[in-house]
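Colleague: Handing you a structure now.
Residue numbers (our numbering), protein chains in the order written: chain Y, 66 to 286; chain A, 66 to 286.
Pasting the structure below:
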């Protein structure tokens with residue numbers, strides 16, 4: 066564990082917290098699931114705050130997309146592997162035999178739990194410093210150009226890649242006078258049984274807003 | 066705005082932040098969407114931390130469910146109405162005419178944006194204090210008994226209420242020796258095209274874990 070603390074560049078005041086964060090539920094009743102819950106929320110805020118301050122030109126939907134890539138199972142397990150978390154993880158016998166220590170989901174959960182442990186051990190700002198350290202390489206690789214595509218384009222690309230049908234946009238409400246109209250548009254993905262509304266001052270902006278909402282729904286699935 | 070600051074029990078160092086938080090996108094290019102993004106993440110962590118510390122017996126899935134109720138559109142707009150945020154909101158003409166200042170989605174977004182503004186104005190711990198103040202009544206009403214139902218029961222109740230078919234649980238993997246077996250179960254909602262895996266030391270615990278994962282997917286939609 067000293068080795069892991071060294072890689073984190075952080076020494077726990079209460080090392081039991083780190084131990085708990087590294088304990089998978091297959092190991093026993095005291096495990097990292099509650100810390101993972103807390104760490105997931107802390108990590109989301111740390112990354113949100115980083116994106117908010119670093120990329121003032123990204124809009125909400127763009128920041129949401131960038132963050133999703135950083136904190137999904139792939140992103141988390143990549144950071145976890147950099148830290149060699151697998152070699153410290155405590156698993157039940159069944160999980161050990163089936164290679165659980167290298168499984169992305171287990172590594173990702175443990176990394177989130179470590180963030181939760183850091184937060185409890187020394188507060189939000191200190192946890193933030195450690196997390197930005199462990200993520201520094203990945204954060205430096207973010208190209209805001211890549212994410213600035215509009216939502217309708219992104220949704221279309223996503224659906225085409227998955228071989229789903231394209232969305233249908235329906236105007237469901239138009240109000241206001243000619244020079245300041247207000248549009249509400251429904252974006253429907255029939256096959257996925259997903260739909261969401263967006264509103265805007267033009268049909269086009271309302272469609273973009275609706276596509277953005279649908280992307281949010283899809284990305285959290 | 067002095068009135069709102071009074072209700073929040075907080076005075077902004079930079080009042081422009083509060084103004085931005087109260088400005089809906091229909092009003093103009095400078096609006097509360099980015100602050101809403103940041104505030105959503107800050108609020109999630111504040112509530113997660115509160116639940117983590119206040120209810121040591123709640124498991125991860127239970128804390129997730131309680132939080133979802135507190136920070137969904139209903140919960141947020143309830144708090145926003147207590148603070149009378151609607152009377153301070155800045156909307157474009159179209160939204161004003163259609164009663165936007167009382168719309169739950171607009172109030173909820175503005176409240177999240179205010180949390181983001183608080184966080185920027187004076188850091189996480191101060192924002193936390195203000196948020197726990199505005200949520201105090203609702204937080205005191207949480208009954209952990211209500212949320213301690215098991216995941217399979219909750220999933221079933223949810224699906225029945227929506228008139229969907231019940232989930233199918235399939236064991237997809239069994240490994241390990243007789244006294245320490247490891248089960249992986251798939252929980253499938255055919256109609257909703259949602260499925261997720263869970264694992265555990267028994268078929269039953271793996272089913273619960275799979276139901277918990279499916280609930281997470283559904284609750285974030």
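C-beta atoms are modelled at their ideal positions from N, C-alpha and C, and glycine is treated no differently.
Please read all numbers here as calculations on a predicted model, not as lab measurements.
Comparing C-alpha positions only, which one of Y:264, Y:77, Y:256 and Y:254 sits nearest to residue 248 of chain Y?
Modeller: Cα-wise, what sits closest to residue 248 of chain Y is Y:264.
Colleague: Quick one: any contact between the region 135 to 149 of chain Y and the region 120 to 136 of chain A, if contact means 3 or more CB pairs under 8 Å?
Modeller: They do not touch, by the three-pair rule.
Colleague: Which of the three DSSP states, helix, strand or coil, is assigned to residue 94 of chain A?
Modeller: In the structure shown, residue 94 of chain A sits in coil (DSSP, three-state: anything other than H, G, I, E or B).
Colleague: Shortest alpha-carbon distance to residue 149 of chain Y belongs to which of Y:121, Y:71 and Y:243?
Modeller: Among Y:121, Y:71 and Y:243, the Cα nearest to that of residue 149 of chain Y belongs to Y:71.
Colleague: Ends of the beta strand (DSSP E) at residue 248 of chain Y?
Modeller: First-last of the beta strand (DSSP E) with residue 248 of chain Y: 247 to 254.
Colleague: Going by DSSP, what residue range makes up the alpha helix (DSSP H) through residue 203 of chain Y?
Modeller: It spans 201 to 205 - the alpha helix (DSSP H) in which residue 203 of chain Y sits, taken as one unbroken run.
Colleague: According to DSSP, is residue 216 of chain Y helix, strand or coil?
Modeller: Helix, per DSSP.
Colleague: What three-state label does DSSP hand residue 262 of chain Y in the structure shown?
Modeller: Strand.
Colleague: Could you say which of A:279, A:270, A:92 and A:119 lies nearest to residue 153 of chain A if we only look at CA atoms?
Modeller: Minimum Cα distance to residue 153 of chain A is reached at A:92.
Colleague: Residue 90 of chain Y: which of A:271, A:279 and A:280 sits nearest, CA to CA?
Modeller: Closest option to residue 90 of chain Y, Cα to Cα, is A:271.
Colleague: Can you tell which of Y:162, Y:119 and Y:125 has the C-alpha that lies nearest to the C-alpha of residue 240 of chain A?
Modeller: For residue 240 of chain A, the nearest C-alpha among the options comes from Y:162.
Colleague: Just verifying my parser: in three-state terms, what is the DSSP assignment at residue 230 of chain Y?
Modeller: Correct three-state label for residue 230 of chain Y: coil.
Colleague: Identify whether residue 114 of chain Y lies in helix, strand or coil by the three-state DSSP scheme.
Modeller: Looking at residue 114 of chain Y - three-state DSSP - the assignment turns out to be helix.
Colleague: Please give me, in chain order, every unbroken run of the alpha helix (DSSP H) with length at least 4 that falls completely inside the region 137 to 216 of chain Y.
Modeller: You should have 138 to 147, 158 to 162, 169 to 187, 189 to 199, 201 to 205 and 209 to 212.
Colleague: Indicate the three-state DSSP secondary structure (helix, strand or coil) for residue 124 of chain Y in the structure shown.
Modeller: It is coil, neither helix nor strand.
Colleague: Identify, in the order they occur along the chain, each residue of the same chain with its Cβ nearer than 6 Å to the Cβ of residue 77 of chain Y, setting aside the five sequence neighbours on each side.
Modeller: Hits under 6 Å: 83 and 186.
Colleague: Could you give the distance in angstroms between the alpha-carbon of residue 79 of chain A and the alpha-carbon of residue 66 of chain A?
Modeller: Approximately 12 Å, taken between the alpha carbons.
Colleague: Any heavy atom of the ligand SAH closer than 6 Å to the Cβ of residue 187 of chain A?
Modeller: This structure lacks the ligand SAH; in fact it carries no ligand of any kind.
Colleague: What's the C-alpha gap between residue 192 of chain Y and residue 175 of chain Y?
Modeller: So the alpha carbons of these two residues sit roughly 15 Å apart.
Colleague: Is the Cβ-Cβ distance between residue 100 of chain Y and residue 113 of chain Y less than 7 Å?
Modeller: Not closer than 7 Å, so no.
Colleague: Nearest by alpha-carbon distance to residue 236 of chain Y: which of Y:242, Y:243 and Y:262 is it?
Modeller: It is Y:262 whose Cα lies nearest to the Cα of residue 236 of chain Y.
Colleague: Would residue 110 of chain Y and residue 181 of chain Y qualify as a contact pair, given that the criterion is a beta-carbon distance under 7 Å?
Modeller: No. Outside cutoff.
Colleague: What are the start and end residues of the alpha helix (DSSP H) that includes residue 70 of chain A?
Modeller: Residues 67 to 73.
Colleague: Taking residue 266 of chain Y as the query, report the chain A residues whose CB atoms sit under 8 Å from its CB, ordered along the chain.
Modeller: Those are 91, 157 and 159, listed as they occur along chain A.
Colleague: Could you compute how far the alpha carbon of residue 246 of chain Y sits from the alpha carbon of residue 144 of chain A?
Modeller: Cα to Cα, residue 246 of chain Y sits roughly 30 Å from residue 144 of chain A.
Colleague: Report the neighbours of residue 163 of chain A on chain Y: residues whose CB is nearer than 7 Å to its CB, in chain order.
Modeller: The answer, in chain order, is 240 and 247.
Colleague: At what residues does the alpha helix (DSSP H) containing residue 84 of chain A begin and finish?
Modeller: That run of the alpha helix (DSSP H) goes 80 to 86.
Colleague: Taking DSSP's pairing of strands, which residues face residue 291 of chain Y in a bridge?
Modeller: The requested residue 291 of chain Y is not part of the displayed model; chain Y covers only 66 to 286.
Colleague: Please list the partners that residue 124 of chain A has in chain Y, where partner means a Cβ-to-Cβ separation under 9 Å.
Modeller: Near residue 124 of chain A (Cβ distances below 9 Å), the residues of chain Y are 98, 99 and 102.
Colleague: Report all residues from its chain with a CB closer than 6 Å to the CB of residue 183 of chain Y; omit the five preceding and five following residues, and keep chain order.
Modeller: Once the five neighbours on either side are set aside, the close Cβ partners of residue 183 of chain Y are 192 and 195.
Colleague: Please name the residue or residues paired with residue 235 of chain A in a DSSP beta bridge.
Modeller: Per DSSP, A:251.
Colleague: At the 7 Å Cβ level, is residue 79 of chain Y part of the contact set with chain A, yes or no?
Modeller: With 7 Å as the cut-off, residue 79 of chain Y does not count as an interface residue toward chain A.
Colleague: Can you tell me where the alpha helix (DSSP H) with residue 280 of chain Y in it begins and where it stops?
Modeller: That run of the alpha helix (DSSP H) goes 268 to 284.
Colleague: Which chain Y residues sit within Cβ distance under 8 Å of residue 190 of chain A?
Modeller: The contacting residues are 188 and 189.
Colleague: If you drop the 5 nearest sequence neighbours on each side, which residues of the same chain put their C-beta closer than 7 Å to that of residue 105 of chain Y?
Modeller: Closer than 7 Å at Cβ, skipping near neighbours: 177.
Colleague: What residues in its chain sit with their C-beta under 6 Å from that of residue 284 of chain A, if we drop five residues either side in the sequence?
Modeller: Hits under 6 Å: 133.
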